[in-house]
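Trainee: Here it is: the structure, laid out below.
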Amino acid sequence: MNLFGKKNYFSLEGGEQRTKKNDKRRQKAEPSIPDGMWIKCNTCKAIIYKKEVTEYKLCPNCDAHFRMSPAERIAITCDEGTWEELDANMRPKNPMDYPGYEDIIEKAQKKAGILEGAVTGRCKICGQDTVLALMDSHFVMGSMGSVVGEKVTRAVEYATKNRLPVVIFTTSGGARMQEGIISLMQMAKVAEALGKHDDAGLLYVTVLTDPTTGGVTASFAMLGDIILSEPKALIGFAGQRVIQGTIHQELPEGFQRAEFQLEHGFVDRIVHREKLREELGKILLLHNRQESEVTL
Amino acid sequence: MSEAMKSVSIARKIERPNTRQFIERIFEDFMEFHGDRLFADDGAVVGGIAFLEKMPVTVVGIQKGHTLEENLECNFGSPNPEGYRKALRLMKQAEKFHRPVITFINTAGAFCGIGAEERGQGEAIARNLLEMSRLKTPIISIFIGEGGSGGALALAVSDSVWMLEHGMYSILSPEGFASILWRDSSRVAEAAELMKMTAKDLLKNEVIDRMFFEPKEGLEHNLDKTAVELKKALLETLPDLMKKETPVLLEKRYKRFRKFGEFTES
Numbered sequence: 001m002n003l004f005g006k007k008n009y010f011s012l013e014g015g016e017q018r019t020k021k022n023d024k025r026r027q028k029a030e031p032s033i034p035d036g037m038w039i040k041c042n043t044c045k046a047i048i049y050k051k052e053v054t055e056y057k058l059c060p061n062c063d064a065h066f067r068m069s070p071a072e073r074i075a076i077t078c079d080e081g082t083w084e085e086l087d088a089n090m091r092p093k094n095p096m097d098y099p100g101y102e103d104i105i106e107k108a109q110k111k112a113g114i115l116e117g118a119v120t121g122r123c124k125i126c127g128q129d130t131v132l133a134l135m136d137s138h139f140v141m142g143s144m145g146s147v148v149g150e151k152v153t154r155a156v157e158y159a160t161k162n163r164l165p166v167v168i169f170t171t172s173g174g175a176r177m178q179e180g181i182i183s184l185m186q187m188a189k190v191a192e193a194l195g196k197h198d199d200a201g202l203l204y205v206t207v208l209t210d211p212t213t214g215g216v217t218a219s220f221a222m223l224g225d226i227i228l229s230e231p232k233a234l235i236g237f238a239g240q241r242v243i244q245g246t247i248h249q250e251l252p253e254g255f256q257r258a259e260f261q262l263e264h265g266f267v268d269r270i271v272h273r274e275k276l277r278e279e280l281g282k283i284l285l286l287h288n289r290q291e292s293e294v295t296l
Numbered sequence: 001m002s003e004a005m006k007s008v009s010i011a012r013k014i015e016r017p018n019t020r021q022f023i024e025r026i027f028e029d030f031m032e033f034h035g036d037r038l039f040a041d042d043g044a045v046v047g048g049i050a051f052l053e054k055m056p057v058t059v060v061g062i063q064k065g066h067t068l069e070e071n072l073e074c075n076f077g078s079p080n081p082e083g084y085r086k087a088l089r090l091m092k093q094a095e096k097f098h099r100p101v102i103t104f105i106n107t108a109g110a111f112c113g114i115g116a117e118e119r120g121q122g123e124a125i126a127r128n129l130l131e132m133s134r135l136k137t138p139i140i141s142i143f144i145g146e147g148g149s150g151g152a153l154a155l156a157v158s159d160s161v162w163m164l165e166h167g168m169y170s171i172l173s174p175e176g177f178a179s180i181l182w183r184d185s186s187r188v189a190e191a192a193e194l195m196k197m198t199a200k201d202l203l204k205n206e207v208i209d210r211m212f213f214e215p216k217e218g219l220e221h222n223l224d225k226t227a228v229e230l231k232k233a234l235l236e237t238l239p240d241l242m243k244k245e246t247p248v249l250l251e252k253r254y255k256r257f258r259k260f261g262e263f264t265e266s
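As structure tokens, then:
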């Protein structure tokens, strides 16, 4: 669970959560660290000067790929000024009447600054038109409920109708448990929309980012014509604790990481974040018949 | 005990009739086929061809055992990726020869283990969802016991989904739900109730299309009665499905799953 609640780095700032007690302690401690200037990398444990972290959100010390929000992702992926969001106002209901679900959603919306766990739209990447969907691991653990399922399905249907490719950046803890069986049905819903997109001979690329697990792995994450992954991303079906609880064995080093998935044949390429935009552009161009056949 | 907990305990009973018992009673000349042609044969998935009266059909189902020995053979009804791939191979074969497919579902979930991850449990399930959604032959799925999450859905993207009275179908077990969401595994009964995982609830929200009552004396004491009812229902339903033009059949299947989701857009 903590895997999805935590960022893979943490700020050394007090932020809004600072209590009065801590405030007093801070005032006594000299010299003080100015708020928000330093973060700690969870991978190499180095204390990093925040300004050294670029828009790619990499650890300047060990190159760990920190988790990104959809907005940050759009900024480094889409050609400037080309992003047009689809279905921006979709919000969840409470299909199971789960007590407190509205509060959970409201908190997640405040924390992540978006209305739900997926953002979809169309844009250009290196001049190539595409439909793009992005998930946010900080929104209720990046879980897929009705809204994520519906938005991704509509994005895929939009792409099929307009004969466009689809690129999806995945990150998810799995199905949205608070929506019960309806969240399970989203897996079938997205998969069948992808089936139609596939039947139309259109390209689907997935970019697996840390972490991609559960029902998202077992539906659209693993269905790309081309599957890319960021280095060291955790990718799997079952959670590591569940597996340990089932088999009572230690899990091997690097288990379920991107490199493990590449070795076992489930990922086409591991791509460094700084190279992703360029690679996606190239893949899109290679599948753009109008432009690529000119030279034939 | 609540209705939901009653069904949970009945669905999990070790004596609960399993897939092979249903196949024996509903079909004739069942010929079992093995292997996924890629890695291995998974004992948790049983499949092959048979006659439903005079109609050739493909039958695939998840198998649980009644004894420890039987359960070791079928991994307690938790398939590995090769099980799902065997199921898909047999379904594609059915498509080629335009035989309808009948699937039986009874699983706590897809197996969670190192080998299952190495061989792509997620990919195997995902592939089945996609391929079943466009399989050009009718599919009917019958939940006879437990229906655990993606591992159950991987055999249930069908034209019509049926369930026995004490079957269940959920995103995860009520134990898992209580311990993950509330960090309190003692609240299982509350979770089972809230999750709306019983046949009656699932019928209401259209996750299943049809429910079959079980004999009052218990399914295991009068399996023939339920098997006859299922056979009758299949004989009534399949000829109509077989007559449908493929695009019509597939569009209807698409819409069946497309409709799920509750949201607002204000």
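Residue numbers (the working numbering), protein chains in the order written: chain A, 1 to 296; chain B, 1 to 266. All residues carry an ideal CB built from backbone N, CA and C; glycine is no exception. Bear in mind the structure is a predicted one, so any value in this text is a computation, not a measurement.
1) If you run the structure through DSSP and keep just helix, strand and coil, what is A:Gly142?
2) Would you check if the distance between the CB atom of B:Lys86 and the CB atom of B:Asn18 is smaller than 8 Å?
3) Which chain A residues are close to B:Lys196, counting only those with a beta carbon under 8 Å from its beta carbon?
4) Determine which residues of the segment 226 to 259 of chain B have a Cβ less than 7 Å from any Cβ of chain A, and write them out in chain order.
5) Which of the three DSSP states is assigned to A:Leu134 in this structure?
6) How about B:Arg218: is its C-beta nearer than 8 Å to some C-beta of chain A?
7) To the nearest angstrom, report how far apart A:Ala233 and A:Ser69 are at their CA atoms.
8) Closer than 8 Å between beta carbons: that is the criterion. Which residues of the segment 105 to 139 of chain A meet it against chain B?
9) Should B:Ile105 and B:Ile142 be called a contact, given that it needs their Cβ atoms to be closer than 8 Å?
10) For B:Ile10, tell me which candidate among B:Arg256, B:Arg253, B:Thr246, B:Glu220 has the shortest Cα-Cα distance.
11) Consider the Cβ of B:Gly113: report whether some Cβ of chain A lies at a distance smaller than 8 Å.
12) Give every residue of the same chain whose Cβ lies closer than 6 Å to the Cβ of A:Lys51, excluding the five residues on either side of it in the sequence, and list them in chain order.
13) Among B:Glu193, B:Leu250, B:Phe260, B:Asp240, which has the Cα closest to the Cα of B:Met1?
14) Any idea if B:Leu68 is buried or exposed, counting beta-carbon neighbours within 10 angstroms, 16 or more meaning buried?
15) So, is the C-beta of A:Phe169 closer than 8 Å to a C-beta in chain B?
16) Look up B:Trp162 in the DSSP assignment and give the residues it is bridged to.
17) Using the rule of at least 16 other Cβ atoms within 10 Å of the residue's Cβ for burial, across every protein chain shown, is A:Gly254 buried or exposed?
18) In this structure, does DSSP put B:His221 in helix, strand or coil?
19) Enumerate in chain order the residues of its own chain whose CB-to-CB distance from B:Gly167 is below 7 Å, with the five nearest sequence positions on each side excluded.
20) Tell me which residues of the segment 185 to 200 of chain A have at least one Cβ-Cβ distance to chain B shorter than 9 Å, keeping chain order.
21) Measure from the alpha carbon of A:Met144 to the alpha carbon of each residue in A:Ile39, A:Thr130, A:Gly180, A:Lys282, then state which is nearest.
22) At what residue ranges does the segment 172 to 225 of chain A contain a whole run of the alpha helix (DSSP H), taking only runs of 4 or more?
23) Helix or strand or just coil, what does DSSP make of A:Met96?
24) Counting pairs of beta carbons, one from the segment 184 to 192 of chain A and one from the segment 120 to 137 of chain B, are three or more of them closer than 8 Å?
25) Is A:Val271 near A:Glu259, with beta carbons less than 8 Å apart?
26) To the nearest whole angstrom, what separates the beta carbons of B:Tyr169 and B:Leu202, a pair I think is in contact under 8 Å?
27) Taking 8 Å as the limit between beta carbons, can you name the residues of its chain near A:Phe237, skipping five residues before and five after?
28) My guess is that A:Glu150 and B:Gly261 are in contact by the Cβ rule of under 8 Å, so how many angstroms apart are they, rounded?
29) Answer yes or no: does any C-beta atom of chain A fall closer than 8 Å to that of B:Glu262?
30) So what does DSSP say about A:Gly265, is it helix, strand or coil?
31) Can you say whether A:Arg67 is buried or exposed, counting buried as having 16 or more other CB atoms within 10 angstroms of its CB?
32) Nearest-angstrom Cα distance between A:Ile243 and A:Ala112?
33) Suppose you measure from the CA of B:Pro56 to the CA of A:Ser229; what does that come to, to the nearest Å?
34) Could you tell me whether the segment 164 to 174 of chain A touches the segment 196 to 208 of chain A, using the rule of 3 or more Cβ pairs below 8 Å?
35) Return no unless some Cβ of chain B is closer than 8 Å to the Cβ of A:Glu150.
Mentor: Taking the structure as given:
1) Residue numbering aside, residue 142 of chain A sits at position 142 when the first sequence is read from its first letter. Here A:Gly142 sits in helix by DSSP.
2) Position 86 of the second sequence, counting from 1, holds the residue named residue 86 of chain B. Position 18 of the second sequence, counting from 1, holds the residue named residue 18 of chain B. No.
3) Reading the second sequence from its first residue, position 196 is the one you call residue 196 of chain B. The CB of B:Lys196 comes closer than 8 Å to the CB of Met96, Gly180, Ile181 in chain A, given here in chain order.
4) If the cut-off is 7 Å between Cβ atoms, the segment 226 to 259 of chain B has Tyr254, Phe257, Arg258 near chain A.
5) Residue mapping note: residue 134 of chain A aligns to position 134 of the first sequence, counting from 1. When DSSP states are grouped into helix, strand and coil, A:Leu134 belongs to the strand group.
6) As a first step, residue 218 of chain B is located in the second sequence; it is residue number 218 there, counting from the start. According to the sequence shown, residue 218 of chain B is Gly rather than Arg. No, no contact with chain A.
7) Translated into the one-based positions of the first sequence, residue 233 of chain A becomes position 233. Translated into the one-based positions of the first sequence, residue 69 of chain A becomes position 69. If you draw a straight line from the Cα of A:Ala233 to the Cα of A:Ser69, it comes to about 15 Å.
8) Residues are counted here when their Cβ sits less than 8 Å from a Cβ of chain B; for the segment 105 to 139 of chain A the count is zero.
9) Here residue 105 of chain B corresponds to residue number 105 of the second sequence, with the count starting at 1. Here residue 142 of chain B corresponds to residue number 142 of the second sequence, with the count starting at 1. The criterion of a C-beta distance shorter than 8 Å is satisfied by B:Ile105 and B:Ile142.
10) Here residue 10 of chain B corresponds to residue number 10 of the second sequence, with the count starting at 1. For B:Ile10, the closest alpha carbon among the candidates B:Arg256, B:Arg253, B:Thr246, B:Glu220 is that of B:Glu220.
11) Position 113 of the second sequence, counting from 1, holds the residue named residue 113 of chain B. Yes, its Cβ sits closer than 8 Å to a Cβ of chain A.
12) The residue given as residue 51 of chain A occupies position 51 in the first sequence. No residues qualify anywhere along the chain.
13) Counted from its first residue, the second sequence places residue 1 of chain B at position 1. Nearest option by C-alpha distance: B:Glu193.
14) In the second sequence, counting from the first residue as 1, residue 68 of chain B sits at position 68. Residue environment: B:Leu68 is assigned as exposed (fewer than 16 neighbouring CB atoms within 10 Å of its CB, all protein chains considered).
15) Numbered from 1 along the first sequence, position 169 holds the residue referred to as residue 169 of chain A. The beta carbon of A:Phe169 does not come within 8 Å of any beta carbon belonging to chain B, so the residue lies off that interface.
16) Numbered from its first residue, the second sequence carries residue 162 of chain B at position 162. Beta-bridge pairing links B:Trp162 to B:Ile142, B:Arg210.
17) As a first step, residue 254 of chain A is located in the first sequence; it is residue number 254 there, counting from the start. Of the residues assessed, A:Gly254 falls on the exposed side of the cut-off, its CB having fewer than 16 other CB atoms within 10 angstroms.
18) Counting from one through the second sequence, the residue named residue 221 of chain B turns up at place 221. For B:His221, the three-state secondary structure derived from DSSP is helix.
19) Taking the second sequence and counting its residues from 1, one reaches residue 167 of chain B at position 167. Excluding residues within five positions, the ones whose Cβ falls inside 7 Å are Ala11, Phe143, Ile144, Gly145, Gly147, Ala199.
20) Cβ contacts with chain B: Met185, Gln186, Met187, Ala188, Lys189, Val190, Ala191, Glu192, Ala193, Leu194, Gly195, Lys196, Asp198, Asp199.
21) Residue numbering aside, residue 144 of chain A sits at position 144 when the first sequence is read from its first letter. The shortest Cα separation from A:Met144 among A:Ile39, A:Thr130, A:Gly180, A:Lys282 belongs to A:Gly180.
22) Listed in chain order, the complete alpha helix (DSSP H) runs (minimum 4 residues) inside the segment 172 to 225 of chain A are 181 to 199, 214 to 217.
23) Taking the first residue of the first sequence as position 1, residue 96 of chain A is located at position 96. Correct three-state label for A:Met96: coil.
24) Cβ pair count under 8 Å is three or more, so yes.
25) The count along the first sequence starts at 1 and reaches residue 271 of chain A at position 271. The count along the first sequence starts at 1 and reaches residue 259 of chain A at position 259. Not a contact, by the Cβ cut-off of 8 Å.
26) Translated into positions along the second sequence, residue 169 of chain B becomes position 169. Translated into positions along the second sequence, residue 202 of chain B becomes position 202. Indeed, because the Cβ distance is near 6 Å, the residues count as touching under 8 Å.
27) Mapped onto the first sequence, residue 237 of chain A falls at position 237. Cβ-Cβ distances below 8 Å link A:Phe237 to Thr213, Gly214, Thr217, Ala218 in the same chain, with the five nearest sequence neighbours on each side left out; the list follows chain order.
28) Translated into the one-based positions of the first sequence, residue 150 of chain A becomes position 150. Translated into the one-based positions of the second sequence, residue 261 of chain B becomes position 261. Rounded, the Cβ-Cβ distance is 5 Å, consistent with contact.
29) Translated into the one-based positions of the second sequence, residue 262 of chain B becomes position 262. Interface residue, yes.
30) Start at 1 with the first residue of the first sequence, and residue 265 of chain A comes out as number 265. The answer is coil: DSSP assigns A:Gly265 none of H, G, I, E or B.
31) The residue given as residue 67 of chain A occupies position 67 in the first sequence. Counting every other CB atom within 10 Å of its CB across the protein chains shown gives A:Arg67 a total of 16 or more, marking it as buried.
32) Position 243 of the first sequence, counting from 1, holds the residue named residue 243 of chain A. Position 112 of the first sequence, counting from 1, holds the residue named residue 112 of chain A. Going by the C-alpha atoms only, they are around 30 Å apart.
33) On the second sequence, residue 56 of chain B is found 56 positions in, with the first residue counted as 1. On the first sequence, residue 229 of chain A is found 229 positions in, with the first residue counted as 1. Cα to Cα, the separation comes out at about 44 Å.
34) Short answer: they touch.
35) Position 150 of the first sequence, counting from 1, holds the residue named residue 150 of chain A. Taking CB atoms only, A:Glu150 has a neighbour in chain B less than 8 Å away.
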